[in-house]
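Participant:
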Amino acid sequence: MDSTKINYLQAMGIQAWQLKQAVSSLSACQDEPSDTDWQTLRTTVMHCTACGLDKTRTQPVFGVGNINADLMVIGEAPGFNEDQQGEPFVGRAGQLLTAMLQAIGFERDCVYIANILKCRPPNNRDPLPAEVDLCTPFLEKQIALVQPKLLLAVGRIAAHFLLNSKASLGQLRNQVHVYGRHQTPLIVTYHPAYLLRNPVDKSKAFQDLQSVCRMLQTT
Ligand code: URA
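The sequence shown begins at 130 in the working numbering and counts up by one.
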């Protein structure tokens, strides 16, 4: 009720009843992520020093894209270019990922892209288990905020964390897994950096991406 109406009612001696909570606070009950949720998460990531990688990286790489995306792509960790630019998948592997997404009709900015680790490990070494443990709550929160219809894990490190599995990539491909409490469908494919080294497997990755397309058409 606006203040003019309240003044009229008060002048008439009528008690105007109002909800104590502002409408904006109702969004908390509706499970709708707010800008504040994203800002809080981003600030926490940008200031995180928990695993020690802050000592060697240039900047954290939070994630990028459409926060309401149907498709969320999850990689391993920032490399040299990502560390410099503060955005995931912008180097050669990133260009291939962008082309792979375009091949199934997705522009890069339609999807949300994030990594298991937010900071670059020195010399692009594999993430250490302790780093994964400390950093992945941020990714879990990003997934919870985006609420994608489908997750695409690119590469072994992302697939192993999201599926809590140690199976080979070959074993994890060609099936639809589920992730988390919302049982979000999840597909595994090759990491684009692997595909740059092994272009012969690009056709298999294309098959995986066609599965992504089919899944999104039916969900
Ligand atoms: N490889 C990844 O897994 N993530 C990036 O952001 C870049 C390269």
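Here a beta-carbon is modelled for each residue, glycine too, at the ideal position from N, C-alpha and C.
1) In the segment 213-250, which residue ranges form an unbroken beta strand (DSSP E) of at least 3 residues, counting only runs that do not cross its ends?
2) Any Cβ of chain D within less than 7 Å of the Cβ of I203?
3) Tell whether a beta-carbon distance below 7 Å holds between V283 and Y241.
4) Please tell me whether L281 and C264 are closer than 7 Å, where the distance is taken between their beta carbons.
5) Helix, strand or coil, according to DSSP, for I203 in the structure here?
6) Does any heavy atom of ligand 1 sit closer than 6 Å to the C-beta of E211?
7) Which same chain residues end up closer than 6 Å to P321 when comparing Cβ atoms and leaving out the 5 residues on each side of it in sequence?
8) Tell me which residues share the same chain as T348 and place their Cβ nearer than 6 Å to its Cβ, disregarding the 5 neighbours each side in the sequence.
9) So, with DSSP's three-state summary, where would you put A282?
10) Comparing alpha-carbon positions, which option in T185, A288 and Q312 lies nearest G208?
11) Considering only heavy atoms of ligand 1, does any lie closer than 6 Å to the CB of E269?
12) Going by CA-CA distance only, name the one from L170, V307, M229 and C180 that's closest to L291.
13) Touching or not, the segment 295-307 and the segment 315-330, by the rule of three or more beta carbon pairs under 8 Å?
14) With respect to 6 Å, is the separation between the Cβ of N244 and the closest non-hydrogen atom of ligand 1 below this value?
15) Take the Cβ of D212 as the centre, count every other Cβ of all protein chains shown within 10 Å, and call the residue buried at 16 or more, exposed below.
16) In the DSSP assignment, find the unbroken beta strand (DSSP E) run with P314 in it and report its ends.
Facilitator: Short version:
1) 241-244
2) The structure shown contains no chain D; it holds only a single protein chain.
3) Residue mapping note: residue 283 aligns to position 154 of the sequence shown, counting from 1. Residue mapping note: residue 241 aligns to position 112 of the sequence shown, counting from 1. In this structure, Y241 does not lie closer than 7 Å to V283 by Cβ.
4) Here residue 281 is taken as the residue at index 152 of the sequence shown, counted from 1. Here residue 264 is taken as the residue at index 135 of the sequence shown, counted from 1. Taking 7 Å as the Cβ cut-off, L281 and C264 do not qualify as a contacting pair.
5) Along the sequence shown, one-based indexing puts residue 203 at 74. Strand, per DSSP.
6) Sequence index remark: in the sequence shown, residue 211 carries index 82 (1-based). Yes - ligand 1 has a heavy atom lying nearer than 6 Å to the Cβ of E211.
7) In the sequence shown, the residue the question calls residue 321 occupies position 192. Excluding residues within five positions, the ones whose Cβ falls inside 6 Å are A222, L225 and L226.
8) On the sequence shown, residue 348 is found 219 positions in, with the first residue counted as 1. Cβ within range, chain order: K278.
9) Position 153 of the sequence shown holds residue 282. Strand, per DSSP.
10) As a working note, residue 208 is residue 79 in the sequence shown. Closest option to G208, Cα to Cα, is T185.
11) One-based indexing of the sequence shown puts residue 269 at position 140. For ligand 1, not one heavy atom lies less than 6 Å from the Cβ of E269.
12) Here residue 291 corresponds to residue number 162 of the sequence shown, with the count starting at 1. The shortest C-alpha separation from L291 is found at V307.
13) yes
14) As a first step, residue 244 is located in the sequence shown; it is residue number 115 there, counting from the start. Within the cutoff, so yes.
15) Position 83 of the sequence shown, counted from the start, is the residue given in the question as residue 212. Under this definition D212 is a buried residue.
16) Your numbering for residue 314 matches position 185 in the sequence shown. Run containing P314: T313 to T318, per the beta strand (DSSP E) assignment.
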